[in-house]
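K.L.:
One structure, as structure tokens, below. Some questions next.
In UniProt numbering, the protein residues as written are 1 to 298.
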């Protein structure tokens, strides 16, 4: 089991800014070894240039589209109006590359990353190829966009997906963990990046995130989260992620670890029985919230 330094698991929006990035989560400032995330907010016509170094990355539009140039190749991402409007296309960029992201109409972009050993090709990920999964039932229903999971997209270490939870529902539930490698469980560091849908009146909403640890590995988080906030999960049980009534909740999960590229989790035995209670209970009829086609919110 890899020792991990203790850091504050809650990173508020802008608290780790390092130009041109609004948010930077790296193995160094997270106190672990593999997982990372950068958030890039570009005004109209702006561009950002950076090197990937030891990390493989994705360029994932949160709002807006962009051109992504990697060394001498380029792809254009259509993107989306917001994370609540559609499933997006994305780009994979390898380690040891020079990357330029240009947003002719402006936009906001997530760059999930993982420390990588192998250099894979620069690639385009079409929105139409992203598997959309509905999990849970009733008020534990949620949508998962599996755009970079082991079964859906090739990467060296990186695992990433998006979760959309309708207002009033719980997701990442029952609480689970993936911090001890073995049968049925992976060892993965995880980042949660949040966005909350605005109210019809334009006000900012919030959600809540719970994380708790083992007797010998303490961690205790039960925090309000707002758009742009990040929660780090170095170990321990995590969930639920709670969407306040009236406010749909989005989060981007970024995971990586030392073992095989597998996403295997273990439910908290105190709460795993909840899954059986879903038998015969329909999925929330509000789902799916998005598809690869643009959706206009009412």
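Backbone N, C-alpha and C fix where the C-beta goes; we use that ideal spot for every residue, glycine too.
Tell me which residues share the same chain as residue 264 and place their Cβ nearer than 7 Å to its Cβ, disregarding the 5 neighbours each side in the sequence.
P.N.:
On the chain shown, residue 264 is found 264 positions in, with the first residue counted as 1. Once the five neighbours on either side are set aside, the close Cβ partners of residue 264 are 178, 184, 185, 186.
K.L.:
Taking the continuous beta strand (DSSP E) assigned at residue 91, which residues delimit it?
P.N.:
Counting from 1 along the chain shown, the entry for residue 91 is found at position 91. Counting along the chain, the beta strand (DSSP E) containing residue 91 begins and ends at 90-93.
K.L.:
For a test of the three-state rule: what should DSSP assign to residue 263, helix, strand or coil?
P.N.:
The residue given as residue 263 occupies position 263 in the chain shown. Coil at residue 263, not helix or strand.
K.L.:
Work out the CA separation of residue 112 and residue 15 for me, nearest whole Å.
P.N.:
To locate residue 15, count along the chain shown from 1; it is residue 15. To locate residue 112, count along the chain shown from 1; it is residue 112. Cα to Cα, residue 15 sits roughly 17 Å from residue 112.
K.L.:
Between residue 255 and residue 190, which are expected to be in contact by the criterion C-beta below 8 Å, what is the C-beta distance as a whole number of angstroms?
P.N.:
Counting from 1 along the chain shown, the entry for residue 255 is found at position 255. Counting from 1 along the chain shown, the entry for residue 190 is found at position 190. Rounded, the Cβ-Cβ distance is 5 Å, consistent with contact.
K.L.:
Per DSSP, what kind of secondary structure is residue 128 in: helix, strand or coil?
P.N.:
Here residue 128 refers to the residue found at position 128 when the chain shown is read from its first residue. The answer is helix: DSSP assigns residue 128 an H, G or I state.
K.L.:
Tell me the DSSP secondary structure of residue 218 in three-state form.
P.N.:
Here the question's residue 218 lines up with position 218 in the chain shown. Looking at residue 218 - three-state DSSP - the assignment turns out to be strand.
K.L.:
Give the range of the beta strand (DSSP E) segment to which residue 180 is assigned.
P.N.:
The residue you call residue 180 lines up with position 180 of the chain shown. Counting along the chain, the beta strand (DSSP E) containing residue 180 begins and ends at 179-182.
K.L.:
Just to confirm the assignment, what range does the beta strand (DSSP E) spanning residue 146 have?
P.N.:
The sequence position of residue 146 within the chain shown is 146, counting from 1. Residues 142-148.
K.L.:
Pick from 153, 258, 244, 137: whose alpha carbon is nearest that of residue 182?
P.N.:
On the chain shown, position 182 is the one that residue 182 refers to. Comparing Cα-Cα distances from residue 182 to each of 153, 258, 244, 137, the minimum goes to 258.
K.L.:
When you compare the segment 71-89 with the segment 124-137, are there three or more beta-carbon pairs, one atom per stretch, that lie closer than 8 Å?
P.N.:
These segments touch.
K.L.:
Hey, is the segment 43-57 in contact with the segment 205-215, meaning 3+ C-beta pairs nearer than 8 Å?
P.N.:
In short, these stretches do not touch, since the Cβ pair count stays below three.
K.L.:
Measure how close the beta-carbons of residue 300 and residue 171 come, nearest whole angstrom, since I'm counting them as under 8 Å.
P.N.:
Any answer about residue 300 is impossible in this case: the structure gives the chain only from 1 up to 298.
K.L.:
With DSSP as the reference, please indicate the residues paired to residue 66 in a beta bridge.
P.N.:
Taking the chain shown and counting its residues from 1, the one referred to as residue 66 is at position 66. Looking at the DSSP assignment, residue 66 forms a beta bridge with 77.
K.L.:
Which same chain residues end up closer than 6 Å to residue 5 when comparing Cβ atoms and leaving out the 5 residues on each side of it in sequence?
P.N.:
The residue given as residue 5 occupies position 5 in the chain shown. Low local confidence applies: a pLDDT of 49 at residue 5 is under 50, so the model's placement there is unreliable, and no value is given.
K.L.:
Could you tell me which residues DSSP pairs with residue 209 in its beta bridges?
P.N.:
Numbered from 1 along the chain shown, position 209 holds the residue referred to as residue 209. In the DSSP output, where bridge partners are listed per residue, residue 209 has 223, 241.
K.L.:
Do you know offhand how far residue 63's Cα is from residue 276's?
P.N.:
To locate residue 63, count along the chain shown from 1; it is residue 63. To locate residue 276, count along the chain shown from 1; it is residue 276. Each residue's alpha carbon lies about 37 Å from the other.
K.L.:
Are the CB atoms of residue 132 and residue 118 within a distance shorter than 7 Å?
P.N.:
Reading the chain shown from its first residue, position 118 is the one you call residue 118. Reading the chain shown from its first residue, position 132 is the one you call residue 132. Taking 7 Å as the Cβ cut-off, residue 118 and residue 132 do not qualify as a contacting pair.
K.L.:
Could you check if residue 70 is buried or exposed, using at least 16 other CB atoms within 10 Å of its CB as the buried criterion?
P.N.:
Taking the chain shown and counting its residues from 1, one reaches residue 70 at position 70. It is buried - the Cβ of residue 70 has at least 16 other Cβ atoms within 10 Å.
K.L.:
If you drop the 5 nearest sequence neighbours on each side, which residues of the same chain put their C-beta closer than 7 Å to that of residue 153?
P.N.:
Against the chain shown, residue 153 aligns to sequence position 153. Closer than 7 Å at Cβ, skipping near neighbours: 125, 147.
K.L.:
Taking all protein chains shown into account, do 16 or more other C-beta atoms lie within 10 angstroms of the C-beta of residue 87, making it buried, or fewer, making it exposed?
P.N.:
Taking the first residue of the chain shown as 1, we reach residue 87 at position 87. Looking at its Cβ environment, which holds 16 or more other Cβ atoms inside 10 Å, residue 87 is buried.
K.L.:
In whole angstroms, give me the CA-to-CA distance for residue 20 and residue 40.
P.N.:
Counted from its first residue, the chain shown places residue 20 at position 20. Counted from its first residue, the chain shown places residue 40 at position 40. Cα to Cα, residue 20 sits roughly 7 Å from residue 40.
K.L.:
Verify whether the separation of the beta carbon atoms of residue 302 and residue 166 is less than 7 Å.
P.N.:
This structure does not reach residue 302, given that the chain is present from 1 up to 298, and the question cannot be answered.
K.L.:
Given a cut-off of 7 Å on the beta-carbon distance, is the pair residue 134 and residue 252 in contact?
P.N.:
Numbered from 1 along the chain shown, position 134 holds the residue referred to as residue 134. Numbered from 1 along the chain shown, position 252 holds the residue referred to as residue 252. It is not a contact, given that the beta carbons lie outside the stated cut-off.
K.L.:
Given a cut-off of 7 Å, decide if residue 196 and residue 157 are closer than it, judged by their beta-carbon atoms.
P.N.:
On the chain shown, position 157 is the one that residue 157 refers to. On the chain shown, position 196 is the one that residue 196 refers to. No. Outside cutoff.
K.L.:
Would residue 241 be called buried (16 or more neighbouring beta carbons within 10 Å of its own) or exposed?
P.N.:
For the purposes of this step, residue 241 is taken as the residue at position 241 of the chain shown. Classification of residue 241: buried, given that the 10 Å Cβ count is 16 or more.
K.L.:
For residue 164 and residue 229, which I take to be in contact (beta-carbon distance under 8 Å), what is that distance rounded to the nearest angstrom?
P.N.:
In the chain shown, counting from the first residue as 1, residue 164 sits at position 164. In the chain shown, counting from the first residue as 1, residue 229 sits at position 229. Incorrect: roughly 17 Å between the Cβ atoms, too far for contact.
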